[in-house]
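**Q** Using my numbering, read the sequence shown as starting at 641 and increasing by one per residue. Don't be surprised by glycine CBs; every beta carbon is placed ideally from N, CA and C. Handing you this structure, nothing more for now.
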Amino acid sequence: MKKQRLIFLTIVLLTAADPMGLKAQDTLNSPSAERYRADWESLKRYRTPDWFRDAKFGIFIHWGVYSVPAFGSEWYPRNMYDSTSAEFRHHVRTYGSQQQFGYKDFIPQFKAEKFDAEKWVTLFRKAGAKYVVPVAEHHDGFAMYKTSLSKWNAVEMGPKRDVLGELSAEIRRQGLIFGLSSHRIEHWFFFNFGRQFPSDVLNPKYEDLYGPAREEKDDPSPEFMNDWLLRCTELVNNYKPQLFWFDWWIQQPALDPYRRTFASYYYNKGLEWGKGVVINYKYDKAFPDGAAVLDLERGKLDAVRKLPWQTDDAVGNESWGYAAGNTFKTAQYVITNLIDIVSKNGNLLLNIGPRSDGTITDEETQTLLGTGKWLDINGEAIYGTRPWSVYGEGPTKSASGAFADQKIPFTAKDIRFTTRGAVLYAITLGSPVEKTVIRSLGARSGKGAIASLEMVGSPEKIRWSQKADALVIEPSATYPVENAVVYKIVFR
């Protein structure tokens, strides 16, 4: 009966993606809004909303049952069944065999007793974030929200709270944009190691948690893809996110019609809500250029991209979720890479991983507050800006591509540009102790003669000269805030 229900509801969704089946609802929308169809020609009409292009900086949250063992990373639930892994050996040594103590047995220990949505969102707002994206369901199959499609959720088990619901309400109350992520499609194969030896993954009693546990090379079944589509649309209907983030496996060829159906359904919901919505995807097999917003995990681009894009990165270096022994990025790293990304038409979605009790580490807190301190003073050079004709200049080579951290730190000799109307911002990725020389702004560069130059956040009169081959700015004795310095330039 469940399979029949899934297929029936999916047919309803497929019909709903066709505007011919929604004439009655069309009257609820703006008369000028043309609804999306579930085909790429129609979906490529999509335009990234201004709120996303203006926001520049968001917070990602990886929090779930995997924060209980707090070992390795948020992939502990998969790796604890991999007999070759450190997680497997740790699990057997600490908890016993996977047949006696499986991943499911961590759920009662996931109590979230100190989780306070108001405190979290207040911290994110102080960090300067404009949107927040909690993980609704990770690869482990445990939903952090109230769902009618699985008993394995945070309302019925573990915290016994609608974590996503509490966060969405608080995010909106504090004036930020609410988004969410779904990693459900990867659940198809996530627990497959548990089928290779006696473990609780083989117990039929728990197959609705551990899933098909098939091989990654196997195409997901229609029933599983139907369930994926229903979970996604349930999240849209019940929580109304303005951003929906997908992980890499969304690109599966078999998922193509479901992917198109979801995109058209979600974009049409955005029209009904009168709000711009965003889908994030990782690789070009998932969406054609322009039909959604490209996201690069722990990486970035080395040039301006005409279309808006996003980096998702984590404050934690080894794990996205909470894990003992994790090391963390500094505010300096976050700030300079945010500037670099924004100069190339991108956004930064920065992740934190709270402990299982709902507290956020001191290291992540300090990095967020340090980032917010810089943005409080210099935010005008970030929020609402657009790229200039060149993104910047300087000796440090920018990392490029996915999984490409900026291993060589930027310096004050690296310059990045952003624009807002007639204003150009030149940003040094450090505090200069020597003259700042900007070759792109020499008199012979063709960019124009400079009428005025000031340092954002400082009343100091800046000494500068526009020579034929470069703009030269004298160093200051003090700067408004460390990490990066913003010069506001107006041309004649």
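1. Considering only their Cβ atoms, is the gap separating GLY1082 from LYS1107 smaller than 9 Å?
2. Taking only runs of the alpha helix (DSSP H) that begin and end inside the region 722-754, which ones reach a length of at least 4 residues, in chain order?
3. Ignore the nearest five residues each way along the sequence and tell me which others in GLY1034's own chain have a CB closer than 7 Å to its CB.
4. If I measure Cβ to Cβ from VAL982 and keep anything under 7 Å in the same chain, skipping five residues before and after, which residues do I get?
5. Helix, strand or coil for ALA776, going by three-state DSSP, please let me know.
6. Can you name, in chain order, every residue of its own chain whose Cβ lies under 8 Å from the Cβ of ASN991, other than the five neighbours on each side?
7. Going by other Cβ atoms of all chains shown within 10 Å of its Cβ, with 16 needed for buried, is ILE1048 buried or exposed?
8. What is the DSSP secondary structure of LEU668, reduced to helix, strand or coil?
9. In the DSSP assignment, the alpha helix (DSSP H) including GLU1003 goes from what residue to what residue?
10. Quick check on ASP859: buried or exposed, where buried means 16 or more other Cβ atoms within 10 Å of its Cβ?
11. Taking the straight line between their C-alpha atoms, what separation do you get for ASN669 and ARG677?
12. Leaving aside the five residues before and after VAL772 along the sequence, list all residues of the same chain whose C-beta is less than 6 Å from its C-beta, in chain order.
13. Under the assumption that LEU1093 contacts ALA903 (Cβ atoms under 8 Å), give the Cβ distance between them as a whole number of angstroms.
14. With a cut-off of 8 Å, do at least 3 Cβ pairs link the region 772-784 to the region 843-857?
15. Considering just the uninterrupted stretch of the beta strand (DSSP E) at MET1095, what are its terminal residues?
16. Where does the unbroken beta strand (DSSP E) through VAL876 begin, and where does it stop?
17. Looking at LYS984 and ASP942, is the spacing between their C-beta atoms short of 9 Å?
18. Excluding five sequence neighbours on each side, which residues of the same chain lie with their C-beta closer than 6 Å to the C-beta of HIS823?
19. Compare the C-alpha of ASP935 against each of PHE837, GLU1114 and LEU883 and name the closest.
20. In this structure, does DSSP put ASP952 in helix, strand or coil?
21. Whole angstroms are fine: how far does the CA of ARG1079 sit from the CA of ALA1110?
22. May I ask you to verify whether the region 890-899 touches the region 916-929, counting CB pairs closer than 8 Å and requiring at least 3?
23. Cutting at 6 Å between CB atoms, please list the residues of its own chain near ALA931, excluding the five before and the five after it.
24. What does DSSP give as the partner residue(s) for PHE886 in the beta ladder?
25. If you check the beta carbons only, do ASP962 and SER707 fall under 9 Å apart?
26. Taking a contact to mean a Cβ-Cβ separation below 9 Å, would you say PHE603 touches ARG718 in this structure?
27. Using DSSP with H/G/I as helix, E/B as strand and the rest coil, what is ALA757?
28. Can you tell me the Cβ-Cβ gap for TYR785 and TYR879, rounded? I've got them flagged as a contact below 8 Å.
**A** On the basis of the coordinates in this document:
1. Position 467 of the sequence shown, counted from the first residue, corresponds to residue 1107. Position 442 of the sequence shown, counted from the first residue, corresponds to residue 1082. Note that the C-beta distance between LYS1107 and GLY1082 is below 9 Å.
2. 726-735, all fully within the region 722-754.
3. Taking the sequence shown and counting its residues from 1, one reaches residue 1034 at position 394. Contacts found: LYS1053, ASP1054 and ILE1055.
4. One-based indexing of the sequence shown puts residue 982 at position 342. Excluding the 5 residues flanking it on each side, VAL982 has same chain C-beta neighbours closer than 7 Å at LYS696, ILE1022, THR1025 and THR1058, in chain order.
5. The residue labelled residue 776 in the question sits at position 136 within the sequence shown. Taken through DSSP and simplified to helix, strand or coil, ALA776 comes out as strand.
6. Here residue 991 refers to the residue found at position 351 when the sequence shown is read from its first residue. Correct list, in chain order: ILE699, PHE700, ILE701, HIS702, ASP952, ASP953, ALA954, VAL955, GLY956 and TRP960.
7. The residue you call residue 1048 lines up with position 408 of the sequence shown. Exposed, since its Cβ has fewer than 16 Cβ neighbours within 10 Å.
8. Translated into the one-based positions of the sequence shown, residue 668 becomes position 28. The predicted model places LEU668 with a pLDDT of 32, which falls under 50 and marks its position as unreliable, so this point remains unresolved.
9. If you number the sequence shown from 1, residue 1003 lands on position 363. Judged by DSSP secondary structure, GLU1003 falls within the alpha helix (DSSP H) whose first and last residues are 1002-1018.
10. Residue mapping note: residue 859 aligns to position 219 of the sequence shown, counting from 1. In summary, ASP859 is exposed, with fewer than 16 beta-carbon neighbours lying within 10 Å of its beta-carbon over all protein chains present.
11. Numbered from its first residue, the sequence shown carries residue 669 at position 29. Numbered from its first residue, the sequence shown carries residue 677 at position 37. Low confidence applies here, because ASN669 scores a pLDDT of 37, under 50, leaving its location unreliable; read the following figure in that light. Those two C-alpha atoms are separated by around 15 Å.
12. Indexing the sequence shown from 1 puts residue 772 at position 132. Excluding sequence neighbours, VAL772 sits near ILE699, PHE764, ILE811 and LEU816.
13. Counting from one through the sequence shown, the residue named residue 1093 turns up at place 453. Counting from one through the sequence shown, the residue named residue 903 turns up at place 263. Between LEU1093 and ALA903, the beta carbon gap of about 45 Å keeps them out of contact (Cβ cut-off 8 Å).
14. Below 8 Å, enough C-beta pairs join the region 772-784 and the region 843-857 to call them touching: three or more.
15. Taking the sequence shown and counting its residues from 1, the one referred to as residue 1095 is at position 455. Its beta strand (DSSP E) spans residues 1090-1095.
16. As a first step, residue 876 must be located in the sequence shown, where it is residue number 236. Looking at the DSSP string, VAL876 is not in any beta strand (DSSP E); the run it does join, the alpha helix (DSSP H), is 862-879.
17. In the sequence shown, residue 942 corresponds to position 302, counting from 1. In the sequence shown, residue 984 corresponds to position 344, counting from 1. Using a Cβ distance threshold of 9 Å, ASP942 and LYS984 count as a contacting pair.
18. The count along the sequence shown starts at 1 and reaches residue 823 at position 183. The answer, listed in chain order, is HIS778, HIS779 and ASP887.
19. Within the sequence shown, residue 935 is the residue found at index 295, counting from 1. Residue LEU883 is the option with its Cα nearest to ASP935.
20. Within the sequence shown, residue 952 is the residue found at index 312, counting from 1. Residue state, collapsed to three classes: strand.
21. Sequence index remark: in the sequence shown, residue 1110 carries index 470 (1-based). Sequence index remark: in the sequence shown, residue 1079 carries index 439 (1-based). Whole-angstrom Cα-Cα distance: 4 Å.
22. Taking 8 Å as the limit for Cβ pairs, the verdict is that the region 916-929 does touch the region 890-899.
23. For the purposes of this step, residue 931 is identified with residue 291 of the sequence shown, where counting begins at 1. In chain order, LEU683, LYS684 and TYR686 place their CB closer than 6 Å to the CB of ALA931, counting only its own chain and leaving out the 5 sequence neighbours on each side.
24. Translated into the one-based positions of the sequence shown, residue 886 becomes position 246. Beta-bridge pairing links PHE886 to SER822.
25. As a working note, residue 962 is residue 322 in the sequence shown. As a working note, residue 707 is residue 67 in the sequence shown. At residue 962 the sequence reads Tyr, which differs from the Asp that was named. SER707 sits close to TYR962, with the two beta carbons spaced by under 9 Å.
26. Only positions 641 to 1132 of the chain appear in the structure, and residue 603 is not among them; the question remains open.
27. Mapped onto the sequence shown, residue 757 falls at position 117. In the structure shown, ALA757 sits in a helix (DSSP, three-state: H, G or I).
28. Here residue 785 is taken as the residue at index 145 of the sequence shown, counted from 1. Here residue 879 is taken as the residue at index 239 of the sequence shown, counted from 1. The Cβ separation is near 7 Å, so the contact holds.
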